[in-house]
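Undergrad: Mind having a look at this structure? Questions to follow.
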Amino acid sequence: MSAEARYPKIVVTPPGPKARDLIRGDESCISKSVVRWYPLVAESGSGCIVRDVDGNEYIDFNSGLGVLNVGHCHPKVVTAITEQAKKLIHYSYTDFYYQAMVDLGQELTKIIPGSFSKRVFFCNSGAEAVEAAMKMSKWHTRNSLFLAFSGAFHGRTLGAVSLTASKPVQRRHFFPVVPGVTHVPYPYCYRCPFHLSYPECHLWCADFIEEEVLGKYIPTENVAAMFVEAVQGEGGYIVPPNDYFPRLRKILDKHDLVMVDDEVQSGVGRTGKWFAIEHFNVVPEAVCVAKAVGSGLPVGALVSNEELMDWEGGSHATTFGGNPVACAAGLAVIDTIREQKLLENATKQGAYVLNRLREMQSRFEIIGDVRGKGLMVGAEIVKDPDTKEPGSELAQDIMTKCFKRGLAIITAGKSTMRFAPPLIISHELLHAGLDVFEGVVKEVARSAK
Ligand SMILES: Cc1ncc(COP(=O)(O)O)c(C=O)c1O
Numbered sequence: 013m014s015a016e017a018r019y020p021k022i023v024v025t026p027p028g029p030k031a032r033d034l035i036r037g038d039e040s041c042i043s044k045s046v047v048r049w050y051p052l053v054a055e056s057g058s059g060c061i062v063r064d065v066d067g068n069e070y071i072d073f074n075s076g077l078g079v080l081n082v083g084h085c086h087p088k089v090v091t092a093i094t095e096q097a098k099k100l101i102h103y104s105y106t107d108f109y110y111q112a113m114v115d116l117g118q119e120l121t122k123i124i125p126g127s128f129s130k131r132v133f134f135c136n137s138g139a140e141a142v143e144a145a146m147k148m149s150k151w152h153t154r155n156s157l158f159l160a161f162s163g164a165f166h167g168r169t170l171g172a173v174s175l176t177a178s179k180p181v182q183r184r185h186f187f188p189v190v191p192g193v194t195h196v197p198y199p200y201c202y203r204c205p206f207h208l209s210y211p212e213c214h215l216w217c218a219d220f221i222e223e224e225v226l227g228k229y230i231p232t233e234n235v236a237a238m239f240v241e242a243v244q245g246e247g248g249y250i251v252p253p254n255d256y257f258p259r260l261r262k263i264l265d266k267h268d269l270v271m272v273d274d275e276v277q278s279g280v281g282r283t284g285k286w287f288a289i290e291h292f293n294v295v296p297e298a299v300c301v302a303k304a305v306g307s308g309l310p311v312g313a314l315v316s317n318e319e320l321m322d323w324e325g326g327s328h329a330t331t332f333g334g335n336p337v338a339c340a341a342g343l344a345v346i347d348t349i350r351e352q353k354l355l356e357n358a359t360k361q362g363a364y365v366l367n368r369l370r371e372m373q374s375r376f377e378i379i380g381d382v383r384g385k386g387l388m389v390g391a392e393i394v395k396d397p398d399t400k401e402p403g404s405e406l407a408q409d410i411m412t413k414c415f416k417r418g419l420a421i422i423t424a425g426k427s428t429m430r431f432a433p434p435l436i437i438s439h440e441l442l443h444a445g446l447d448v449f450e451g452v453v454k455e456v457a458r459s460a461k
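Each position in the sequence shown, counted from 1, maps to that position plus 12 in this note's numbering.
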């Protein structure tokens, strides 16, 4: 029996006594704006396993919200962090210079799509990378309007949340947000906003942007940029048809509009390519990255076509962006993805996840749709496969039961289970995690009848 065969391991029904104690402390002081998926109180992690304070060991299908693509505490990342911390922890790159930031900047310009010259603006999070992209595209074009997708999630700062259109709670009582954003339907074929079917629709959702939005009420010469997610993340792990982004690119080119690709969740190998947009052979002018690039240390980056990043000195900066320790972690992440051939592993294991979920879909009616690229896979839970009514409570139930049995998995959109384990995951561990999921789905499906 291999060492991995012992996972997951539940020694006390979670939340155990230590977890409950810590949660009481949390409830006494932490902001009420944050909501937890379930009471997982993490103490340590290694590889694809996260341990709680009571000794339970979970297979991690969350990767810490899409951050731990090379797994928990990868030894190479830990060494890079430790070595860098002994030398220099901070010296504000927007005011001075140091090596790790230049090295990571150069690596990012190599892996981001596009053969043109690029420049990098470092920051600390996904939302900050999006803010930077909004400001940069405004500065360069002198325009103030943006296009974004319905269902999009681009972050929660006031600029980013003006692009976000995933759940009303994210925007309630925060208006006015940044004005001038128009949301257009995402190519969500399972729930087509126009009630059409692909391919007979001839991608009306793309042509709609040109014919209705740009043609009737958004003057193209006032648009600073369109923000896209190549695979929609928080909105429900939604994969557009292969010809959607090439069509959209054509429309944007025709009207001389900038495409900003938010790869905060889908990037850094998650989908089996460095960036999800590569699946569609489309090159954006600018890309936002964060999450997995620092493997848990805060680092975000806007990487843009050099021509676009022509803003003047002093127009945008940040004290902590491009922190040397975070950049050292980022370099170790990129090296590890190359050395351990993690793009290949994500592709291979992702195909296995899709196959298993499709097989389950044929047996359990509550799995309405299965979709994904690499290890960014979603299974949408429905009350009824014919009406497609979202099974939000069912998904919630599946998630909680999985947790109790040692599988850390969360939802996206209204009722999509997201499968996003670290890219290092072995077939054996994936199999074990999917077995837990299948057992739970069987039980929930039976009780839903
Ligand atoms: C696509 C996308 N963009 C931006 C963000 C915001 O990133 P952060 O939470 O680091 O601000 C997220 C977070 O989930 C995301 O998924």
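Beta carbons are placed, not taken as given, at the ideal position from N, Cα and C, and that holds for glycine.
Whose C-beta lies closer than 6 Å to the C-beta of Arg370 among residues of the same chain, with five residues either side of it excluded?
TA: Taking the sequence shown and counting its residues from 1, one reaches residue 370 at position 358. The residues are Val382.
Undergrad: Going by Cα to Cα distance, which pick from Ala302, Asp396, Asn367, Glu377 is closest to Ser278?
TA: Mapped onto the sequence shown, residue 278 falls at position 266. It is Ala302.
Undergrad: DSSP puts Val389 in a beta bridge; with which residues?
TA: Taking the sequence shown and counting its residues from 1, the one referred to as residue 389 is at position 377. Gly384, Phe431.
Undergrad: At a cut-off of 8 Å, would you count Arg168 as near ligand 1, judging by its Cβ distance to the nearest heavy atom?
TA: Position 156 of the sequence shown, counted from the start, is the residue given in the question as residue 168. Result yes, Cβ under 8 Å from ligand 1.
Undergrad: Just to check, is the beta-carbon of Gly464 closer than 8 Å to a non-hydrogen atom of ligand 1?
TA: The first residue shown for the chain is 13 and the last is 461, placing residue 464 beyond what the model contains.
Undergrad: Taking 8 Å as the cut-off, is the CB of Gln277 close to at least one heavy atom of ligand 1?
TA: Counted from its first residue, the sequence shown places residue 277 at position 265. Yes, ligand 1 has a heavy atom inside 8 Å of this Cβ.
Undergrad: The alpha helix (DSSP H) with Ser14 in it runs from where to where?
TA: Counted from its first residue, the sequence shown places residue 14 at position 2. Per DSSP, Ser14 belongs to no alpha helix (DSSP H) and is neither H nor E.
Undergrad: Hey, Val65 and Lys30 are a contact pair by Cβ (cut 8 Å); roughly how many whole angstroms apart?
TA: Counted from its first residue, the sequence shown places residue 65 at position 53. Counted from its first residue, the sequence shown places residue 30 at position 18. Indeed they touch by this definition, with Cβ atoms about 4 Å apart.
Undergrad: Less than 8 Å between C-beta atoms, sequence neighbours within five positions excluded: which residues of the same chain meet that for Val456?
TA: Locating residue 456 in the sequence shown gives position 444, where the first residue counts as 1. Result list for Val456: Ile378, Leu406, Asp409, Ile410, Lys413, in chain order.
Undergrad: What does DSSP give as the partner residues of Asn317 in its beta bridges?
TA: By 1-based counting over the sequence shown, the position of residue 317 is 305. Looking at the DSSP assignment, Asn317 forms a beta bridge with Lys130.
Undergrad: Quick check on DSSP: helix, strand or coil for Glu55?
TA: Residue numbering aside, residue 55 sits at position 43 when the sequence shown is read from its first letter. Residue state, collapsed to three classes: strand.
Undergrad: Where does Lys21 fall in DSSP's three states?
TA: Within the sequence shown, residue 21 is the residue found at index 9, counting from 1. In the structure shown, Lys21 sits in a strand (DSSP, three-state: E or B).
Undergrad: Tell me whether Val235 sits in a helix, a strand or coil according to DSSP, three-state version.
TA: Taking the sequence shown and counting its residues from 1, the one referred to as residue 235 is at position 223. Correct three-state label for Val235: strand.
Undergrad: With 16 other CB atoms within 10 Å as the buried threshold, where does Ala160 fall?
TA: Here residue 160 corresponds to residue number 148 of the sequence shown, with the count starting at 1. When all chains shown are included, Ala160 counts as buried.
Undergrad: Between the Cα of Ile422 and the Cα atoms of Ser316, Ile101, Glu392, which residue gives the shortest distance?
TA: Locating residue 422 in the sequence shown gives position 410, where the first residue counts as 1. Of the listed residues, the one whose Cα sits closest to Ile422 is Glu392.
Undergrad: Can you name the start and end residues of the alpha helix (DSSP H) that Glu143 belongs to?
TA: Locating residue 143 in the sequence shown gives position 131, where the first residue counts as 1. Glu143 -> alpha helix (DSSP H) spans 138 to 153.
Undergrad: Quick check on DSSP: helix, strand or coil for Ser327?
TA: Taking the sequence shown and counting its residues from 1, the one referred to as residue 327 is at position 315. Ser327: coil per DSSP, three-state reduction.
Undergrad: Can you check which of these residues, Glu246, Arg183, Val181, is closest to Tyr198 by C-alpha distance?
TA: Here the question's residue 198 lines up with position 186 in the sequence shown. The candidate whose alpha carbon is nearest that of Tyr198 is Glu246.
Undergrad: So who's on the other strand from Ser307, going by DSSP bridges?
TA: Position 295 of the sequence shown holds residue 307. According to DSSP, Ser307 bridges with Leu309.
Undergrad: Consider the C-beta atom of Phe165 and the heavy atoms of ligand 1; say whether any pair is separated by less than 8 Å.
TA: To locate residue 165, count along the sequence shown from 1; it is residue 153. Yes, since a heavy atom of ligand 1 falls inside the 8 Å radius drawn around the Cβ of Phe165.
Undergrad: Using only the alpha-carbon positions, how far apart do Cys217 and Ala144 sit?
TA: Counting from 1 along the sequence shown, the entry for residue 217 is found at position 205. Counting from 1 along the sequence shown, the entry for residue 144 is found at position 132. Their Cα atoms are separated by approximately 28 Å.
Undergrad: Could you tell me the alpha carbon to alpha carbon distance between Phe376 and Asp115, rounded to whole angstroms?
TA: Locating residue 376 in the sequence shown gives position 364, counting from the first residue. Locating residue 115 in the sequence shown gives position 103, counting from the first residue. Using only the alpha carbons, I get a separation of about 49 Å.
Undergrad: Based on DSSP bridge pairs, tell me the residues matched to Cys135.
TA: For the purposes of this step, residue 135 is taken as the residue at position 123 of the sequence shown. Answer is Gly312.
Undergrad: Taking the alpha-carbon of Ala177 as reference, which of Glu356, Glu241, Asn155, Ala236 has the nearest alpha-carbon?
TA: Along the sequence shown, read from residue 1 onward, the residue named residue 177 stands at position 165. Among Glu356, Glu241, Asn155, Ala236, the Cα nearest to that of Ala177 is on Glu241.
Undergrad: What is the DSSP secondary structure of Cys414, reduced to helix, strand or coil?
TA: Translated into the one-based positions of the sequence shown, residue 414 becomes position 402. DSSP places Cys414 in helix when its eight states are reduced to three.
Undergrad: Along the chain, where does the alpha helix (DSSP H) that runs through Gly84 open and close?
TA: To locate residue 84, count along the sequence shown from 1; it is residue 72. The amino acid occupying residue 84 in the given sequence is His; Gly does not appear at that position. Element bounds for His84: n/a, residue is neither H nor E.
Undergrad: With H, G and I counted as helix, E and B as strand and the rest as coil, what does DSSP make of Ile378?
TA: As a position in the sequence shown, residue 378 is number 366, starting the count at 1. DSSP places Ile378 in coil when its eight states are reduced to three.
Undergrad: In the DSSP output, which residue or residues are listed as bridge partners for His195?
TA: One-based indexing of the sequence shown puts residue 195 at position 183. DSSP, once it has assigned bridges, lists Ala160 as partnering His195.
Undergrad: Answer with buried or exposed for Asn254, where buried requires no fewer than 16 other C-beta atoms within 10 angstroms of its C-beta.
TA: As a working note, residue 254 is residue 242 in the sequence shown. Exposed, by the Cβ-count rule.
Undergrad: Taking only the alpha-carbon atoms, compute the straight-line gap between Phe128 and Tyr105 and give it to the nearest angstrom.
TA: As a working note, residue 128 is residue 116 in the sequence shown. As a working note, residue 105 is residue 93 in the sequence shown. Between Phe128 and Tyr105, the C-alpha separation is close to 24 Å.
Undergrad: Count the other C-beta atoms from every protein chain shown that fall within 10 angstroms of the C-beta of Leu269, then say buried if there are 16 or more, exposed otherwise.
TA: Working through the sequence shown from its first residue, we reach residue 269 at position 257. Answer is buried; the Cβ neighbour count reaches 16.
Undergrad: Under the three-state reduction of DSSP, which class applies to Tyr364: helix, strand or coil?
TA: Here residue 364 refers to the residue found at position 352 of the sequence shown. Reduced to three states, the DSSP call for Tyr364 is helix.
Undergrad: Under the rule that 16 or more other beta-carbon atoms within 10 Å means buried, what is Asp72, buried or exposed?
TA: Translated into positions along the sequence shown, residue 72 becomes position 60. By the 10 Å Cβ count, Asp72 comes out buried.
Undergrad: Please state if the CB of His152 and the CB of Asn335 are separated by a distance shorter than 9 Å.
TA: On the sequence shown, residue 335 is found 323 positions in, with the first residue counted as 1. On the sequence shown, residue 152 is found 140 positions in, with the first residue counted as 1. Their beta carbons are not under 9 Å apart, which means Asn335 does not touch His152 by this criterion.
Undergrad: Where are the alpha helix (DSSP H) runs, 4 residues long or more, that stay fully inside the segment 204 to 292, in chain order?
TA: Listed in chain order, the complete alpha helix (DSSP H) runs (minimum 4 residues) inside the segment 204 to 292 are 216 to 220, 256 to 266.
Undergrad: CB-CB under 7 Å to Ala329, same chain, minus the five flanking residues each way: which ones, in chain order?
TA: Looking up residue 329 in the sequence shown gives position 317. Closer than 7 Å at Cβ, skipping near neighbours: Thr106.
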